[in-house]
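Numbering (the numbering used here), first residue to last: 2 to 407.
For each residue, glycine too, the CB sits at the ideal point set by N, CA and C.
Before any comments, here is the structure.
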């Protein structure tokens with residue numbers, strides 16, 4: 002069973018959420034500050050920016066900048082500074098732009114890898130990377146091409162994290178009836194079946210009411226009225242619709258708990274978006290914020306003056322972690338990470354240590370999760386957060402997208 006067609010549903014919903022979540026910030030890019038004096042080690046980052054604008058606002062660029070700044074200030078990799086090249090505009094890019102990024106990276110022989118990336122056109126870029134043997138370290142898998150590409154080495158389940166939200170609700174919150182609000186896009190109508198088959202069937206349950214909301218809808222009152230008797234509602238609507246949906250629920254006297262994705266939602270952002278209604282909201286995250294890795298990430302954010310940034314999300318954490326992986330590999334290669342050497346080295350990592358941000362990950366072979374239908378995915382752990390007193394605080398233990406906890 003290939004689950005053909007459901008990948009489009011996942012990508013559509015994730016794309017809608019990510020596109021709506023793009024924000025702005027005036028955080029400085031200080032990645033050029035370095036004590037390393039050797040030849041720069043270049044890598045491409047797919048998604049955050051159309052150029053090297055020093056005031057770019059994306060979440061991914063924040064994580065990359067924090068990691069590169071800290072590494073370069075500490076002497077780089079064997080005295081070689083890391084040099085990111087930011088390409089494209091993430092989910093807002095079209096297939097031609099994404100493919101051009103791939104071709105540009107391949108043409109530049111100084112580029113030894115893509116290090117983190119987010120886009121919705123895996124079929125446009127993955128074949129280019131595969132032909133060139135250019136690894137995509139930490140890149141998020143969103144499409145069918147991504148799930149099957151031997152060049153992707155993600156830390157997380159990518160688009161399948163939507164399934165993980167339901168898994169967290171069933172495992173951690175013991176929700177017996179889980180309703181869901183999703184953007185009303187054609188492919189999105191296949192999403193509930195996928196969530197049931199992959200995430201909830203192993204837990205002997207299924208989704209309750211599914212509410213489809215048009216992307217152009219301004220008034221979501223009627224949609225909120227369809228949620229009735231649920232133990233939890235998962236809200237994956239466009240960011241501009243999420244808060245009004247919750248407000249409509251509360252105005253109707255519905256106290257049902259709500260869960261959103263932590264992929265593009267931060268604590269400061271939730272406070273701004275929801276106001277007093279933010280208290281108690283749950284979020285699903287692909288990273289463990291009760292970990293040493295998260296402490297190190299936060300320290301690096303603080304060092305560039307972004308400790309309280311509204312861009313501190315799963316996207317920025319994943320980008321930071323991807324740079325750590327690349328730097329670790331480059332160190333093992335004595336500061337000479339050719340693209341073939343990087344690809345060969347990542348395939349030797351049988352238990353990569355993310356300092357607790359995720360379980361240790363075996364990059365040495367294709368993943369077998371979900372019956373082997375998603376070979377690029379080696380980790381399906383999800384973590385529950387709850388907004389309390391202005392912070393997203395960890396709750397409970399890990400849940401697995403495909404079943405199980407811990």
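message: For residue 125 and residue 100, which I take to be in contact (beta-carbon distance under 8 Å), what is that distance rounded to the nearest angstrom?
response: 4 Å
task: Might you give, ordered along the chain, the residues of its own chain that have their beta carbon closer than 7 Å to the beta carbon of residue 129, omitting 5 neighbours on each side?
output: 100, 103, 104 and 107.
query: Tell me, which residues are paired with residue 180 by DSSP?
result: 234
- prompt: Can you tell me whether DSSP reads residue 39 as helix, strand or coil?
  reply: coil
- prompt: Buried or exposed: where does residue 145 fall if 16 or more other Cβ atoms within 10 Å of its Cβ makes it buried?
  reply: With 16 or more Cβ atoms within 10 Å of its Cβ, residue 145 is classed as buried.
field: Among 326, 370, 375 and 388, the one whose alpha carbon lies nearest that of residue 114
entry: 326
- prompt: Which of helix, strand or coil does DSSP assign to residue 96?
  reply: helix
message: Assuming contact is defined by CB atoms lying nearer than 8 Å, are residue 282 and residue 288 in contact in what I supplied?
response: Not closer than 8 Å, so no.
message: Does residue 173 pass the burial test, meaning 16 or more other C-beta atoms within 10 Å, or should it be called exposed?
response: buried
message: Applying the 10 Å Cβ sphere with the 16-neighbour rule, what's the burial state of residue 311?
response: buried
task: For residue 313, count neighbouring C-beta atoms within 10 Å of its own C-beta (all shown protein chains included) and say buried if the count is 16 or more, exposed if not.
output: buried
- prompt: Pick from 170, 290, 195 and 343: whose alpha carbon is nearest that of residue 355?
  reply: 290
- prompt: Looking only at its own chain, which residues have a Cβ that is under 6 Å from the Cβ of residue 1, when we skip the five neighbours before and after it?
  reply: There is simply no residue 1 to check, as the chain begins at 2 and stops at 407 in what is shown.
Reduced DSSP secondary structure (H/G/I, E/B, other) of residue 382: strand
- request: Please report how far the alpha carbon of residue 211 lies from the alpha carbon of residue 77, in whole angstroms.
  value: 50 Å
message: Classify residue 187: buried if its beta carbon has 16 or more other beta carbons within 10 angstroms, exposed otherwise.
response: exposed
- prompt: How about residue 375 and residue 347: are their beta carbons less than 8 Å apart?
  reply: no
- request: Would you mind giving the Cβ-Cβ distance between residue 231 and residue 253, rounded to the nearest angstrom? I have them listed as a contact below 8 Å.
  value: At roughly 13 Å, the Cβ-Cβ gap does not stay under 8 Å, so residue 231 and residue 253 are not in contact.
Local Cβ density within 10 Å of residue 32, reported as buried at 16 or more and exposed below that: Reliability fails at residue 32, whose pLDDT of 47 lies under 50, so the model's placement of it is uncertain and no value is given.
- prompt: Name the DSSP bridge partner or partners of residue 392?
  reply: 389
message: DSSP three-state label for residue 355, please.
response: Correct three-state label for residue 355: coil.
task: Starting from the Cα of residue 95, find the closest Cα among 71, 83, 121 and 109 and give me that residue.
output: Distances from the alpha-carbon of residue 95 to those of 71, 83, 121 and 109 put 121 closest.
Beta-carbon proximity of residue 203 to residue 403, cut-off 8 Å: yes
message: Just to check my reading of the structure: residue 112 and residue 324 have Cβ atoms closer than 8 Å, yes? What is that Cβ distance to the nearest angstrom?
response: At roughly 14 Å, the Cβ-Cβ gap does not stay under 8 Å, so residue 112 and residue 324 are not in contact.
message: Would residue 387 and residue 396 be called neighbours here (beta carbons separated by less than 8 Å)?
response: yes
- prompt: In whole angstroms, what is the alpha-carbon distance linking residue 399 and residue 38?
  reply: 42 Å
- request: Return the CA-CA distance between residue 350 and residue 366, expressed in angstroms with no decimal places.
  value: 9 Å
- request: Taking the CB atoms as reference points, tell me whether residue 214 and residue 185 lie closer together than 8 Å.
  value: yes
task: Less than 8 Å between the CB atoms is what I'm expecting for residue 237 and residue 262, so what's the real figure, rounded?
output: Sure, about 6 Å apart at Cβ, within 8 Å.
- prompt: Going by other Cβ atoms of all chains shown within 10 Å of its Cβ, with 16 needed for buried, is residue 381 buried or exposed?
  reply: buried
task: Identify, in the order they occur along the chain, each residue of the same chain with its Cβ nearer than 7 Å to the Cβ of residue 341, setting aside the five sequence neighbours on each side.
output: 134
query: Taking C-alpha atoms, which residue in 71, 75 and 63 lies nearest to residue 87?
result: 63
task: To the nearest angstrom, report how far apart residue 392 and residue 272 are at their CA atoms.
output: 9 Å
- request: Only counting runs of 4 or more residues, tell me where the alpha helix (DSSP H) segments fall wholly within the region 54–91, in order along the chain.
  value: 60–74
task: State the DSSP-derived secondary structure class of residue 135, mapped to helix, strand or coil.
output: coil
field: Reduced DSSP secondary structure (H/G/I, E/B, other) of residue 264
entry: coil
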